[in-house]
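In what follows, a structure is listed as structure tokens, so that the remarks can point back to it.
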Amino acid sequence: MAALAAMHAAVNLDLYPPSADLDLNADLDETDLPEMPGEAVDDAESAYEDAERSYLLALDDGTGRDELARRSRLVETAAGDWEKIAYATFFARRVQIGGTHRRVIELEIRAEKAELLRELWADVSAAHAGKYRAERPS
1 MAALAAMHAA VNLDLYPPSA DLDLNADLDE TDLPEMPGEA VDDAESAYED
51 AERSYLLALD DGTGRDELAR RSRLVETAAG DWEKIAYATF FARRVQIGGT
101 HRRVIELEIR AEKAELLREL WADVSAAHAG KYRAERPS
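By this note's numbering, the letter at position 95 of the sequence shown is numbered 95, and the numbering carries on one by one without gaps.
Okay, here's the thing in structure tokens:
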């Protein structure tokens with residue numbers, strides 16, 4: 001949890017206030033972009049991919065239902081962490097350089113991808129917990 005808090009602090013708007021002389025509507029090239037750590041989003045995405053890989057390998061190995069349920073919750077949590085960090089980075093960058101810059105749009109796409117994957121893994125976790133058994137047609 002401390003690592004997650006540190007990653008959130010890295011993209012805090014207080015650390016990267018919008019520059020008064022930055023024209024948010026300008027078409028900036030990559031060299032004009034203010035420095036901002038992107039490792040937090042990459043690290044969170046990598047942690048998600050590791051958790052997902054662990055689940056899929058367990059599934060392929062014929063691991064039991066209880067262990068698959070546990071691993072699916074880990075994947076869901078990793079996706080949620082990635083989503084939070086990706087959206088925090090996206091919003092900070094949007095304030096910093098404007099919402100129509102290519103880099104900002106790419107960050108938004110990554111955040112939305114993380115959100116969709118978290119929702120998918122929430123459903124997988126719910127299925128492992130038996131949520132959908134009662135809804136199954138007779």
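Heads up, the beta-carbon is just placed ideally off N, CA and C, and yes, glycines get one too.
Roughly how many angstroms lie between the CA atoms of residue i and residue j, to the nearest whole one?
| i | j | result |
| --- | --- | --- |
| Phe90 | Tyr48 | 18 angstroms |
| Ala111 | Asp43 | 13 angstroms |
| Ser125 | Ala86 | 22 angstroms |
| Ala69 | His128 | 5 angstroms |
| Glu39 | Glu106 | 15 angstroms |
| Arg133 | Gly62 | 21 angstroms |
| Thr100 | Leu120 | 28 angstroms |
| Arg65 | Arg71 | 10 angstroms |
| Arg102 | Asp50 | 28 angstroms |
| Ala88 | Asp60 | 35 angstroms |
| Lys131 | Leu56 | 21 angstroms |
| Ala92 | Gly98 | 10 angstroms |
| Asp122 | Gln96 | Rather than Asp, the amino acid found at residue 122 in this sequence is Ala. Answer to the nearest angstrom: the Cα atoms are 32 angstroms apart. |
Are residue i and residue j close, meaning C-beta to C-beta below 7 angstroms?
| i | j | result |
| --- | --- | --- |
| Glu115 | Glu76 | no |
| Val104 | Arg94 | yes |
Check each candidate in the options and name the one with the smallest Cα separation from residue i.
| i | options | result |
| --- | --- | --- |
| Gly80 | Gly62, Arg93, Asp66 and Glu52 | Glu52 |
| Ala54 | Arg73, Glu119, Glu39 and Arg103 | Checking the displayed sequence, the identity of residue 54 turns out to be Ser instead of Ala. Here the closest residue by C-alpha is Arg73. |
| Val41 | Thr100, Glu108 and Gln96 | Glu108 |
| Glu45 | Trp121, Lys113, Lys131 and Asp123 | Lys113 |
Taking residue i and residue j to be in contact with their CB atoms under 8 angstroms, please state how far apart those CB atoms are, rounded to whole angstroms.
| i | j | result |
| --- | --- | --- |
| Ala58 | Glu67 | 6 angstroms |
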